[in-house]
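In the numbering used here, the protein residues as written are 99 to 214. Everything on this sheet refers to the single structure shown next.
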Amino acid sequence: MGIQVVFAFLLCLAIGAKIGPNAKWIIAGLAALIPLLFAWGFYKFNVGTYNAFIFLSIIQLPKAFQGFTKSPTESSIGIAIAIGMIAYVWYVRGKLFPDFAFITPKKFNGQYVFTD
């Protein structure tokens, strides 16, 4: 997450510089804030953060296939990394919160049951 914060900050700093002198700091700060919030949520063991990461990653996965015909090797590496990250976060969330199904708590006989 730290590398992603730095990368997002520097990339958006360059993009914001084209807009204006103050815009670069605002855009870069907002872009760096999102990965920092995910890192904070992971650190605090917040199940909503794990669910949001999985959900947002799955939604972004089809974009990885857009350049597949032009550069299949690079796209395959990116897709493998994305799927690996989704699987890892899903695995960790399953170990930390065994009472959760895909996004919501599990139901047994129509009732929500949580373990201690």
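Glycine included, C-beta positions come from ideal geometry on N, C-alpha and C.
For a cut-off of 8 Å, the C-beta gap from residue 147 to residue 136 is around 6 Å, short enough to register as a contact. DSSP, read as helix, strand or coil, puts residue 102 in helix. Only residues of its own chain outside the window of five on either side were considered, and among them 106, 107, 109, 110 have a CB closer than 8 Å to the CB of residue 129, listed in chain order.
Residue 122 has its alpha-carbon roughly 7 Å from the corresponding atom of residue 113. Using a Cβ-Cβ distance cut-off of 8 Å, the segment 158-175 and the segment 192-209 are not in contact, since fewer than three pairs of beta carbons, one from each stretch, lie closer than that value.
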